[in-house]
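Numbering-wise (our numbering), the sequence shown opens with residue 5 and increments by one. Where a beta carbon is used, it is the ideal one built from N, C-alpha and C, also for glycine.
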Amino acid sequence: KHNQLAHDLNGTGPLLVAVHGITENRSFWDPVCLQQHFRVLRVDLRGHGDSPRTSPFGIDESVEDIHHLIESLGQDLTGGQPPFIVGHSLGGVIATAYAARYPTRGVVNVDQSLRVGPLPAEIAIAVRGEGFADFVRTVFASLYGELDPALVADIERRRTLDQDVFSGFWTPLLDWDADTLAAWSRRTTSLPPGVPYLSLHGTDPGSDYADWLADRIPAAVAEQAPIRTHYPHLAQPEWFVSRVHEFSTDFGSSG
């Protein structure tokens with residue numbers, strides 16, 4: 005129990021797990037009122053928010069953390085049905101990896117391309133060295149797009165830059181060779197056929213990404229969000245909630 009993820013559970017309806025991005029925490033979902041339609045389980049990933057700072061910090065470990073949390077809450081709280089899982093950024097990778105390993109009613113991936121390759125050595129040096137904070141801020145600065153500057157300032161103020169946690173989650177990109185990373189990527193995107201999958205893009209994943217994704221996850225639907233930003237769910241929360249609800253009712257009613 006001592007390693008259980010910090011979490012909160014609100015709303016009624018089908019279980020939906022909300023997974024935040026790297027450096028963030030479950031409170032980043034506050035403007036996104038998914039509890040209008042779902043029983044929403046918001047988690048803090050390990051090393052984030054109020055959760056234990058337990059290494060190794062990683063995607064596979066986070067999948068297990070979320071699964072153990074759902075199991076420990078029990079059917080009275082979770083409703084006994086597999087969850088919908090919504091993940092933003094790093095959370096989108098974790099949501100996808102969760103659905104590859106455990107029964108899932110549907111996945112919503114918010115602005116996270118699943119097409120990855122090893123990063124150049126100079127990025128590893130930046131992430132693990134003195135330049136860490138500057139590097140991360142530069143990366144995030146490039147992703148805000150058309151997001152309201154007041155929201156950007158709020159996100160920046162609330163973000164937590166923890167070098168060990170960040171570099172831990174980025175280990176596959178920093179340390180693994182191309183073959184190892186490709187095999188892991190293949191495994192984490194091998195969803196059972198028929199699991200509904202919505203990939204919502206606020207930044208441009210590349211003109212051929214929809215084809216690449218359909219090859220990996222045949223059920224996947226890729227859509228462009230109305231506003232260009234890595235945070236489309238914060239830019240337009242009402243639009244986002246209704247899109248997720250529509251997605252869940254398209255598929256979720258059949259058992």
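With a cut-off of 8 Å on the beta carbons, I'd call residue i and residue j a contact; round off their distance for me.
i: Ala101; j: Asp48; result: So it is not a contact: roughly 18 Å between Cβ atoms.
i: Leu13; j: Leu81; result: 6 Å
i: Val131; j: Phe139; result: 6 Å
State the beta-bridge partners of residue i as determined by DSSP.
i: Asn14; result: Val44
i: Ala225; result: Residue identity check: residue 225 is Val in the sequence provided, not Ala. Answer is Leu202.
i: Val140; result: Answer is none; Val140 lacks a bridge partner.
i: His92; result: Val114
Assign residue i to one of three DSSP states: helix, strand, or coil.
i: Gly172; result: helix
i: Ile231; result: coil
i: Val21; result: strand
i: Asn7; result: coil
i: Asp208; result: coil
i: Arg190; result: helix
i: Trp243; result: helix
i: Asp179; result: helix
i: Arg162; result: helix
i: Asp97; result: Here residue 97 is Val; the residue named in the question, Asp, does not match the sequence. Of the three classes helix, strand and coil, the one that applies to Val97 here is helix, per DSSP.
i: Val156; result: helix
i: Gln85; result: coil
Taking the alpha-carbon positions, what's the residue i to residue j distance?
i: Thr142; j: Val97; result: 21 Å
i: Ala187; j: Pro176; result: 11 Å
i: Ala239; j: Arg161; result: 17 Å
i: Ala223; j: Asp115; result: 17 Å
i: Gln39; j: Phe32; result: 14 Å
i: Gly110; j: Leu204; result: 13 Å
i: Arg190; j: Gly121; result: 12 Å
i: Thr184; j: Arg119; result: 14 Å
i: Phe61; j: Gln79; result: 28 Å
i: Gly53; j: Trp174; result: 18 Å
i: Val112; j: Val248; result: 7 Å
i: His237; j: Val36; result: 7 Å
i: Gly84; j: Tyr148; result: 38 Å
i: Leu217; j: Gln228; result: 14 Å
Out of the options, which has the shortest C-alpha to C-alpha gap to residue i?
i: Gly51; options: His205, Thr164, Pro122, Asp208; result: Thr164
i: Tyr106; options: Pro124, Asp12, Ser194; result: Ser194
i: Ala103; options: Gly62, Pro196, Thr207; result: Pro196
i: Glu250; options: Asp54, Asp208, Phe42; result: Phe42
i: Asn29; options: Asp208, Pro56, Ile129; result: Pro56
i: Asp215; options: Thr207, Val225, Gly206; result: Val225
i: Thr233; options: Val156, Ala22, Gly83, Gly84; result: Val156
i: Asp212; options: Ser117, Gly206, Val67, His92; result: Ser117
i: Val199; options: Ser66, His72, Leu19, Pro87; result: Pro87
i: Gly91; options: Phe170, Ile26, Asp166; result: Ile26
Taking CB distances under 8 Å as the criterion, tell me whether residue i reaches chain E.
i: Gly172; result: Of the protein chains in this structure there is only one, and it is not chain E.
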